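Asks:
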Amino acid sequence: MVYHVRVKEFDGPLELLLGLIETRKLSINEISLGSVTEEYFQYLETLKQEMGETYHKEIAAFLVIAATLMLVKSRSLLPGFSITLEEASDIKELEDRLKTYKLVKDAALLLGARFKNRNSLYTRAPFVAVAPSFLPPSKPLDLSRLLGILKSVLETIPVKQELPQKTVIKLISIEEKIKELERRIADGIVKTFEDFVGDKKEKYDVIVSFLAMLELVKLGTIAAEQSLPFHGIQIEHGTRS
Amino acid sequence: MELARSLEALLFISGEPVARKDILRLLACDTKTLDEAIIKLSEDLQTRGIRVLQHEDTITLATAPENSEIVEKITREQLEGDLSRSALETLAIILWKGKVSRSGIDYIRGVNSAFALRALLIRGLVERSQDEKDARVYIYRPTIDVLKFLGITSLKDLPEIETLSSQMKEYD
Amino acid sequence: MELARSLEALLFISGEPVARKDILRLLACDTKTLDEAIIKLSEDLQTRGIRVLQHEDTITLATAPENSEIVEKITREQLEGDLSRSALETLAIILWKGKVSRSGIDYIRGVNSAFALRALLIRGLVERSQDEKDARVYIYRPTIDVLKFLGITSLKDLPEIETLSSQMKEYD
């Protein structure tokens with residue numbers, strides 16, 4: 008199944024995550040984070056398709072949070088999966104950031120309503136009663152100094168960026184990846200996670216592959232084993248008896 | 099009395115004397131009610147720092163005479179002395195652009211320039227006029243006095259005028 | 099109280115926000131007396147068409163919110179369109195924090211807030227200054243114009259922001 012998640016204009020990863028959690032009417036905790044992880048990655052795929060070349064730049068902020076979500080997902084799927092203190096604090100930090108962001112978002116909505124229904128106050132023009140006369144500064148105005156000031160101001164104008172042409176990138180969704188992984192394990196082509204990921208350098212591909220692997224572990228299609236942290240992950244076809 | 103308050107806000111904001119007929123229209127009231135409101139406001143202001151002044155057919159608010167010393171002091175301080183960095187930036191943009199709207203200046207500086215513009219206006223360094231295309235928009239220009247003060251006779255004498263004005267061309 | 103009258107005249111003539119330290123010097127009084135004068139003036143103006151606005155260490159006079167409709171008929175100040183959602187979020191954070199760096203805002207929103215900040219700066223709702231500890235860092239804070247736009251006389255009159263801060267305290 009190919010997902011056509013409508014790319015709503017999500018401003019960033021926190022807004023996206025919060026949106027996913029709120030659509031499902033969940034409260035913010037580790038369990039709800041785990042349950043929206045897959046949708047989060049689907050959204051990133053859509054983003055990748057829409058954005059083409061600029062993807063790498065825009066996606067950085069999304070990937071940092073994706074890494075934490077992977078931890079959450081792994082913990083929910085793999086019994087006995089232990090995490091370090093630092094990783095635990097990453098998860099806690101993400102929860103806290105989401106809660107903070109939710110409060111800010113709610114306050115912004117109320118502020119917006121207040122802006123619409125405002126009764127503004129107005130101040131007077133300064134010294135309107137004073138008859139205008141030429142009152143230059145006490146020190147002479149130096150043309151070269153003014154020129155320097157103008158140039159430094161002009162440097163701060165943001166440069167308008169041309170939107171790059173969209174390029175079509177072939178994308179593999181998590182579901183496709185699951186099918187692929189299942190087939191290759193059954194054929195005996197893939198014995199380790201590293202085999203499966205191959206020499207793909209993109210963090211995103213690694214994450215999608217890892218999620219696919221987790222899904223298969225959960226279904227009991229495969230069994231995965233890692234002897235030590237950061238060591239290779241052995242994969243074998245599950246015994247479905 | 100409600101109307102006295104509205105009258106006060108109206109006179110406060112307009113700064114200059116307002117004609118009675120304009121007040122009648124703005125407050126949508128009759129002459130008698132306006133007279134009562136003026137009397138009420140004058141009474142309220144009796145013990146205050148500002149007063150209602152009536153002159154011929156106009157009304158205005160002004161500071162009470164016993165505060166004239168303090169008023170002169172702050173006016174002198176604010177209108178003399180050096181220009182702030184933001185006033186200098188704003189003046190530089192107006193000089194090299196020749197004429198520019200408030201929003202053009204705001205865009206170039208990336209910050210609101212209202213205070214800086216007022217400081218330049220009341221010191222006679224720049225002047226403003228209504229935009230021919232849109233009467234709600236003010237266009238700011240350098241005054242002849244400021245050119246003389248800078249020792250130039252025309253904006254063409256500004257250093258690097260062509261490069262810089264073309265660099266700012268899109269921000270009117 | 100004599101001083102409240104002088105204060106009113108001073109604020110009336112200068113129109114723009116005046117820093118407390120300038121008022122102390124101009125009125126030649128101490129902080130405590132000034133505070134009393136501000137309270138007295140605010141009370142006196144309670145039933146009038148104008149109000150005292152206080153923000154950080156500046157004070158100004160403005161028309162009362164109930165007169166905004168009449169005032170808008172004659173003022174040239176244009177109230178620009180609505181703020182975008184990201185600008186509102188950014189403003190809410192700045193109002194809640196009082197002062198905050200760009201990276202502080204980005205962390206809370208999870209996204210780059212440069213454009214939202216620029217929109218707020220240009221509208222004069224926030225201002226920036228260099229961090230005292232690190233000159234490369236800008237610190238953003240709300241301006242007194244936020245009060246004017248929203249029709250309040252002090253930031254304490256924003257319940258949505260008060261709620262936000264008290265809820266945030268529970269997390270800390």
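Protein chains in written order, with the numbering used here: chain A, 8 to 248; chain B, 99 to 270; chain C, 99 to 270. Each residue gets a CB set at the ideal place from its N, CA and C atoms; glycine is no exception. This one's a predicted model, so the numbers in the text were calculated from it and none came from an experiment.
If we cut at 7 Å on Cβ distances, does B:I190 have a partner in chain A?
Replies: Position 92 of the second sequence, counted from the first residue, corresponds to residue 190 of chain B. What sits at residue 190 of chain B in the sequence shown is Ala, not Ile. B:A190 counts as touching chain A.
Asks: Between which two residues does the beta strand (DSSP E) containing B:P240 stretch?
Replies: Translated into positions along the second sequence, residue 240 of chain B becomes position 142. First-last of the beta strand (DSSP E) with B:P240: 236–240.
Asks: Looking at C-alpha atoms only, which residue of B:D232, B:R221, B:K138, B:R207 is the closest neighbour of C:R221?
Replies: Here residue 221 of chain C refers to the residue found at position 123 of the third sequence. When each option's Cα is compared against that of C:R221, the closest is B:R207.
Asks: Determine whether the Cβ of B:F247 lies closer than 7 Å to any Cβ atom of chain C.
Replies: For this step, residue 247 of chain B is matched to residue 149 along the second sequence. No - not a single Cβ of chain C is within 7 Å of the one on B:F247.
Asks: Mind listing the chain B neighbours of C:N165? Cutoff is C-beta to C-beta under 7 Å, in chain order.
Replies: Walking along the third sequence from the start, residue 165 of chain C turns up at place 67. Under the 7 Å cutoff, chain B gives R103, S104, A107.
Asks: So, A:A231 versus A:L188, is the Cβ gap smaller than 7 Å?
Replies: Taking the first sequence and counting its residues from 1, the one referred to as residue 231 of chain A is at position 224. Taking the first sequence and counting its residues from 1, the one referred to as residue 188 of chain A is at position 181. No, these two residues do not count as a Cβ contact at 7 Å.
Asks: On the three-state DSSP scale, how would you describe C:T188?
Replies: What you label residue 188 of chain C is simply residue 90 of the third sequence in a count that begins at 1. Note: C:T188 maps to helix in three-state DSSP.
Asks: Is it the case that the Cβ atoms of C:V235 and C:S199 are separated by a distance below 7 Å?
Replies: In the third sequence, residue 235 of chain C corresponds to position 137, counting from 1. In the third sequence, residue 199 of chain C corresponds to position 101, counting from 1. Yes, Cβ-Cβ distance for C:V235 and C:S199 is below 7 Å.
Asks: With a threshold of 6 Å (Cβ to nearest heavy atom), would B:A107 be considered close to the ligand GTP?
Replies: You won't find the ligand GTP in this model; it holds no ligand whatsoever.
Asks: Would you say A:A138 lies against chain C (beta-carbon separation less than 7 Å)?
Replies: Here residue 138 of chain A corresponds to residue number 131 of the first sequence, with the count starting at 1. So no, A:A138 is outside the interface.
Asks: Secondary structure at A:V135, three-state DSSP: helix, strand or coil?
Replies: Position 128 of the first sequence, counting from 1, holds the residue named residue 135 of chain A. Three-state DSSP puts A:V135 in coil, outside helix and strand.
Asks: Taking buried to mean at least 16 other C-beta atoms within 10 Å of its own C-beta, is A:L147 buried or exposed?
Replies: Position 140 of the first sequence, counted from the first residue, corresponds to residue 147 of chain A. A small fix is needed here, since residue 147 of chain A is Pro in this sequence, not Leu. Per the 10 Å Cβ criterion, exposed.
Asks: Are the beta-carbon atoms belonging to B:R146 and C:R103 less than 7 Å from one another?
Replies: Taking the first residue of the second sequence as position 1, residue 146 of chain B is located at position 48. Taking the first residue of the third sequence as position 1, residue 103 of chain C is located at position 5. Yes.
Asks: Quick one, are the C-beta atoms of C:T161 and C:V169 less than 7 Å apart?
Replies: Position 63 of the third sequence, counting from 1, holds the residue named residue 161 of chain C. Position 71 of the third sequence, counting from 1, holds the residue named residue 169 of chain C. Yes, the Cβ-Cβ distance between C:T161 and C:V169 is below 7 Å.
Asks: Is it buried or exposed for C:P96, if we count other Cβ within 10 angstroms and need 16 for buried?
Replies: The first residue shown for chain C is 99 and the last is 270, placing residue 96 of chain C beyond what the model contains.
Asks: In the DSSP assignment, find the unbroken beta strand (DSSP E) run with B:V150 in it and report its ends.
Replies: For the purposes of this step, residue 150 of chain B is identified with residue 52 of the second sequence, where counting begins at 1. That run of the beta strand (DSSP E) goes 148–153.
Asks: Along the region 195–206 of chain B, what residues have a CB closer than 9 Å to any CB found in chain A?
Replies: Result list: Y205, I206.
Asks: State yes or no: is the C-beta of B:A190 within less than 7 Å of the C-beta of A:L153?
Replies: Here residue 190 of chain B is taken as the residue at index 92 of the second sequence, counted from 1. Here residue 153 of chain A is taken as the residue at index 146 of the first sequence, counted from 1. Yes, these two residues count as a Cβ contact at 7 Å.
Asks: Could you please give the first and the last residue of the uninterrupted alpha helix (DSSP H) stretch that includes B:A214?
Replies: Here the question's residue 214 of chain B lines up with position 116 in the second sequence. It spans 212–220 - the alpha helix (DSSP H) in which B:A214 sits, taken as one unbroken run.
Asks: Whose Cβ in chain C lies nearer than 7 Å to the Cβ of A:P20?
Replies: As a working note, residue 20 of chain A is residue 13 in the first sequence. Going along chain C in sequence order, the residues near A:P20 (Cβ under 7 Å) are G208.
Asks: How far does the alpha helix (DSSP H) with B:R200 in it reach, from first residue to last?
Replies: As a working mapping, residue 200 of chain B is identified with position 102 in the second sequence. B:R200 -> alpha helix (DSSP H) spans 200–207.
Asks: DSSP on B:A102, reduced to helix/strand/coil?
Replies: Locating residue 102 of chain B in the second sequence gives position 4, where the first residue counts as 1. Residue state, collapsed to three classes: helix.
Asks: Which residues share a DSSP beta bridge with A:I233?
Replies: The residue labelled residue 233 of chain A in the question sits at position 226 within the first sequence. Here residue 233 of chain A is Gln; the residue named in the question, Ile, does not match the sequence. A:I240, per the DSSP bridge assignment.
Asks: Along chain B, in chain order, which residues have C-beta atoms closer than 9 Å to that of A:S127?
Replies: In the first sequence, the residue the question calls residue 127 of chain A occupies position 120. None at all; the shortest Cβ gap to chain B is about 11 Å.
Asks: Is it a yes or a no for the region 130–146 of chain A touching the region 170–187 of chain B, going by three-plus beta-carbon pairs under 8 Å?
Replies: Contact holds: three or more Cβ-Cβ distances are below 8 Å.
Asks: Counting only beta-carbon separations shorter than 7 Å, does A:V79 have a partner in chain B?
Replies: Within the first sequence, numbered from 1, the residue matching residue 79 of chain A stands at position 72. Output row for A:V79: interface = no.
Asks: Between the region 130–156 of chain A and chain C, which residues of the former have CB atoms less than 9 Å from a CB of the latter, in chain order?
Replies: Flagged, chain order: T130, R131, A132, P133, F134, V135, A136, V137.
Asks: State yes or no: is the beta carbon of A:E169 nearer than 7 Å to at least one beta carbon in chain B?
Replies: Sequence index remark: in the first sequence, residue 169 of chain A carries index 162 (1-based). Its pLDDT being 46, under 50, A:E169 is placed unreliably by the model, and the measurement read from it follows with that caveat. No, A:E169 lies away from the interface with chain B (no Cβ there is under 7 Å from its Cβ).
Asks: For the region 228–257 of chain C, which residues have a CB atom closer than 7 Å to at least one CB atom of chain B, in sequence order?
Replies: Within the region 228–257 of chain C, no residue has a Cβ that lies closer than 7 Å to any Cβ of chain B.
Asks: Please determine, among B:L218, B:L219, B:I237, the residue with the shortest C-alpha to C-alpha distance to B:S227.
Replies: Along the second sequence, one-based indexing puts residue 227 of chain B at 129. Cα-wise, what sits closest to B:S227 is B:I237.
Asks: Between the C-alpha atoms of C:Q265 and A:L23, what's the straight-line distance to the nearest angstrom?
Replies: If you number the third sequence from 1, residue 265 of chain C lands on position 167. If you number the first sequence from 1, residue 23 of chain A lands on position 16. Spanning the two alpha carbons is a distance of roughly 22 Å.
Asks: So, helix, strand or coil for A:S96, using DSSP?
Replies: Residue mapping note: residue 96 of chain A aligns to position 89 of the first sequence, counting from 1. DSSP places A:S96 in helix when its eight states are reduced to three.
Asks: Could you work out which residues of chain C lie near B:G179, taking near to mean beta carbons separated by less than 9 Å?
Replies: Against the second sequence, residue 179 of chain B aligns to sequence position 81. Here the premise fails: no neighbours, minimum Cβ distance about 12 Å.
Asks: Determine the DSSP secondary structure at B:E260, reduced to helix, strand or coil.
Replies: Sequence index remark: in the second sequence, residue 260 of chain B carries index 162 (1-based). If DSSP states are grouped into helix, strand and coil, B:E260 belongs with the helices.
Asks: Please report the residue range of the beta strand (DSSP E) in which C:T161 lies.
Replies: As a first step, residue 161 of chain C is located in the third sequence; it is residue number 63 there, counting from the start. C:T161 -> beta strand (DSSP E) spans 156–161.
Asks: According to the neighbour-count rule (16 or more other Cβ atoms, all chains shown, within 10 Å of its Cβ), is B:G202 buried or exposed?
Replies: Residue numbering aside, residue 202 of chain B sits at position 104 when the second sequence is read from its first letter. Its Cβ being crowded by 16 or more others within 10 Å, B:G202 is buried.
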